[in-house]
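Worksheet: one structure, shown below.
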Amino acid sequence: LRILISTDNHLGVWEKDETRRDDSFRTFEEVLQLAVEKRVDTVLLGGDLFHENKPSRSTLVKAIQLLSKYCLNDRPIRFRILSDQSVNFVSGRVNFENPNLNIGLPVFTIHGNHDDPAGQDSLSAVDILSQTGLVNYFGKHVRGGAARITLSPVLIEKGSTRLCLYGLGNIRDERLGRSFQTPGCVQWQRPASTPGYPSDCWINMFVLHQNRVQHTAFAKACVREEHLPPFLDLVVWGHEHECRQAGGWVFGFGRYIVQPGSSVATALSEGESRPKHALLLEVKGTNFRLQKFRLRTVRPFEFESVALRDVQPPLKPEDTEEVTRFLTAKVGATEVHQRRYRRDGGNPDSAPLLPLIRLRVDYTGFSTVNSQRLGQRFVGKVANPHDMLQWTKAPARSRRDEEGAYLRPDALDQSRIEDLIRQHLGPNALEVLLG
C-alpha cells in the first residue's frame, strides 16, 4: 500500500501578492504530479489544505481544477474500505465507490486550524470539495463543552496489508490537551478480532493537526506525544511547518512520529526557510517504510540573523549610512547566493523564481534604518523587497520565581472549568457527568 503524504498546503496564501500568488498552487500541483509519478494508491493530506476558512472563488476554482486534473481518470483502485463509511466520511461514502465519479487517485484529508468548520452548520471549504467527490473528508468532529471525542478508524485493505487509519481535524489545543489527560474523554475504537482479521494484523496510523511544541505560556497549549495511546504504530503530525525529515521513534512508547511540514512558506520565519518535502509511505503486512522527496517548485527562501554590535570591524552606532551600507551588502550577498542555488539545485524545467529573503537584525545599541528605502534597491531581485528586514532587540531580563519560570500576572488569573471540576469532584468527575 503506497500513500503520498503532504500537509499544510495553504492554497490561496499570498493570493493578493502579485509575485507570490501562485506559489501554493504550483507546489500543490507538484505534490499531485509526484503521486502520479510514484503510482501511489492514495494521497493523505494532514490539514490546512486551504489558507482560509472561506477561500476566494479564485482559490476554490483553482483547487477544483487541480484535483479534477489528477484525480479523475481510469486508473484502477487496488484497495478497499472495510469500515462503516457513513461513520468515517463527511459525504457518507468513499468517492471511488460513487458510480457517478471516475476516481483514479483518491485523496483523504482532515481539516486544519485555517480551514476548520465554522458557522451554524459547521462547514468549511473542505466540505465543498467533499460534496463534489474530489476528496474524502474524515476526522471531522464537532465538539462543545466537555463532550467525548470518539475516533472511528478508516479500515483499508490491500492484499495482506491492513491499515487502521485514525484522523482528527484541528481542535483548540488547550481543550484537546485536557481531553487527552482526562480518563475516558477520548475513545479510540479498535477493529474487532475476527477470523482472518486478528487484532495484531493492523498497522495503526493516526493523522492529526495540532501544536506539537508549546507555543504559548500555558503548559496544556499543545498535544503531548506521551498522551497518545501506545497501540499507535505511526503518527503523522500536521500543523508544524518545519519538516523533520527523518521523523523519529518515541522511545518508551513504541511509535514512529513523522512531521512532513508545509509545502509553502506562510511566514518569513527560520523554520519556513528549510527545504520542503512530501513523504511516500509504503506499508506491507505489518511493516512500513518512509521516503522523502524534496519539492522543487518551492520559492527559494534564505533566512539569516545578524547582531550589529558583533560586526567586525565594528560599526558606529551613530552612523546610519554605514549601517545601511552594511545591511545592503549583506542582503545583496544573500540574493546572489540564492541565484546560485536556483542555478545549481533548483528545478531546471521552470523559470527562476525571485527568492524570499529575511534578515533578522539585532540592533541593540543602534538605531534602525529606513527598511522601505533599502528595499527599493532590490525591487525585481527579491520577492519581498519591502519586508526583508526584521528588527529585534536583546530581551530584557524578566522576573522569575524559585523554579525559574516567568511570572505573568495575567496567567495567574486563568482558570479552566475542566480543571475546577477535577479539583473538586475528583479525576473521574467528567465520566460521572458524561455518563
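First residue of the sequence shown: 1, per UniProt numbering; consecutive thereafter.
Even for Gly, the Cβ is constructed at its ideal location relative to N, Cα and C.
Remember, predicted model here, so these are calculated numbers, not experimental data.
Quick one: what does DSSP say residue i is sitting in, helix, strand or coil?
{"i": "residue 437", "result": "In the structure as shown, the chain begins at 1 and stops at 435. Residue 437 is therefore absent and cannot be evaluated."}
{"i": "Val264", "result": "coil"}
{"i": "Asn88", "result": "helix"}
{"i": "Glu302", "result": "strand"}
{"i": "Phe366", "result": "coil"}
{"i": "Val31", "result": "helix"}
{"i": "Gly375", "result": "helix"}
{"i": "Glu282", "result": "strand"}
{"i": "Ala219", "result": "Summary for Ala219: the model assigns pLDDT 47, below 50, so the residue's position carries little reliability, and this model does not support an answer."}
{"i": "Gln187", "result": "strand"}
{"i": "Cys164", "result": "strand"}
{"i": "Lys292", "result": "strand"}
{"i": "Glu226", "result": "helix"}
{"i": "Thr109", "result": "strand"}
{"i": "Lys69", "result": "helix"}
{"i": "Gly196", "result": "coil"}
{"i": "Arg255", "result": "strand"}
{"i": "Thr7", "result": "coil"}
{"i": "Thr42", "result": "strand"}
Going by the CB atoms, is the gap between residue j and residue i shorter than 7 Å?
{"i": "Val236", "j": "Val207", "result": "yes"}
{"i": "Ile257", "j": "Gly167", "result": "no"}
{"i": "Phe79", "j": "Asn136", "result": "no"}
{"i": "Leu232", "j": "Asn204", "result": "yes"}
{"i": "Ile5", "j": "Pro260", "result": "yes"}
{"i": "Leu327", "j": "Lys158", "result": "no"}
{"i": "Thr297", "j": "Thr27", "result": "yes"}
{"i": "Leu34", "j": "Tyr70", "result": "no"}
{"i": "Leu72", "j": "Asn9", "result": "no"}
{"i": "Asn113", "j": "Asn170", "result": "yes"}
{"i": "Leu315", "j": "Leu359", "result": "no"}
{"i": "Leu11", "j": "Ala63", "result": "yes"}
{"i": "Ser263", "j": "Val154", "result": "no"}
{"i": "His227", "j": "Glu272", "result": "no"}
{"i": "Arg309", "j": "Gly365", "result": "yes"}
{"i": "Val323", "j": "Val369", "result": "yes"}
{"i": "Asn53", "j": "Asp127", "result": "no"}
{"i": "Ser152", "j": "Val61", "result": "no"}
What is the rounded straight-line gap between the Cα of residue i and the Cα of residue j?
{"i": "Val223", "j": "Asn211", "result": "6 Å"}
{"i": "Lys330", "j": "Leu279", "result": "35 Å"}
{"i": "Thr194", "j": "Asp200", "result": "11 Å"}
{"i": "Gln291", "j": "Glu225", "result": "23 Å"}
{"i": "Thr334", "j": "Arg377", "result": "14 Å"}
{"i": "Asp121", "j": "Ile3", "result": "32 Å"}
{"i": "Val361", "j": "Val306", "result": "5 Å"}
{"i": "Lys140", "j": "Gly92", "result": "12 Å"}
{"i": "Pro317", "j": "Thr266", "result": "34 Å"}
{"i": "Cys243", "j": "His277", "result": "7 Å"}
{"i": "Pro55", "j": "Pro117", "result": "13 Å"}
{"i": "Leu234", "j": "Gly332", "result": "44 Å"}
{"i": "Gly238", "j": "Asp173", "result": "13 Å"}
{"i": "Arg178", "j": "Arg148", "result": "12 Å"}
{"i": "Arg373", "j": "Tyr363", "result": "18 Å"}
{"i": "Glu15", "j": "Pro191", "result": "44 Å"}
{"i": "Arg343", "j": "Asn98", "result": "Annotation note: pLDDT 47 at Arg343 (below 50); position unreliable, coordinate value reported separately. Using only the alpha carbons, I get a separation of about 46 Å."}
{"i": "Asn287", "j": "Arg57", "result": "43 Å"}
{"i": "Arg20", "j": "Ser68", "result": "23 Å"}
{"i": "Val13", "j": "Phe25", "result": "9 Å"}
{"i": "Gly184", "j": "Thr150", "result": "10 Å"}
{"i": "Arg289", "j": "Leu281", "result": "6 Å"}
{"i": "Lys393", "j": "Lys38", "result": "48 Å"}
{"i": "Pro385", "j": "Gly285", "result": "52 Å"}
{"i": "Ile103", "j": "Gln181", "result": "40 Å"}
{"i": "Ala125", "j": "Leu134", "result": "12 Å"}
{"i": "Glu30", "j": "Asp74", "result": "20 Å"}
{"i": "Gln131", "j": "Leu123", "result": "11 Å"}
By alpha-carbon positions, which one of the options ends up nearest to residue i?
{"i": "Phe138", "options": "Arg294, Leu165, Leu11, Asn113", "result": "Leu165"}
{"i": "Val107", "options": "Asp84, Pro55, His51, Gly46", "result": "Gly46"}
{"i": "Ile156", "options": "Ile149, Leu123, Tyr197", "result": "Tyr197"}
{"i": "Glu18", "options": "Arg255, Thr324, Gly380", "result": "Gly380"}
{"i": "His51", "options": "Ser160, Gly133, Asp22", "result": "Asp22"}
{"i": "Gln65", "options": "Val43, Asp74, Asp116, Leu129", "result": "Leu129"}
{"i": "Leu230", "options": "Asp387, Arg75, Trp188", "result": "Checking the sequence shown, residue 230 turns out to be Pro, not Leu. Nearest option by C-alpha distance: Trp188."}
{"i": "Glu321", "options": "Leu32, Ile103, Leu281, Ser367", "result": "Ser367"}
{"i": "Ser269", "options": "Arg255, Ser160, Asp387, His277", "result": "Asp387"}
{"i": "Val283", "options": "Leu123, Val31, Leu163, Pro55", "result": "Leu163"}
{"i": "Val40", "options": "Arg57, Pro76, Gln181", "result": "Pro76"}
{"i": "Val43", "options": "Thr7, Arg255, Arg20, Trp14", "result": "Thr7"}
{"i": "Trp202", "options": "Thr161, Gly184, Thr182", "result": "Thr161"}
Query raised in the report: Using 8 Å as the Cβ pair cut-off and three pairs as the minimum, do the stretch 302-309 and the stretch 355-362 touch?
Result: yes
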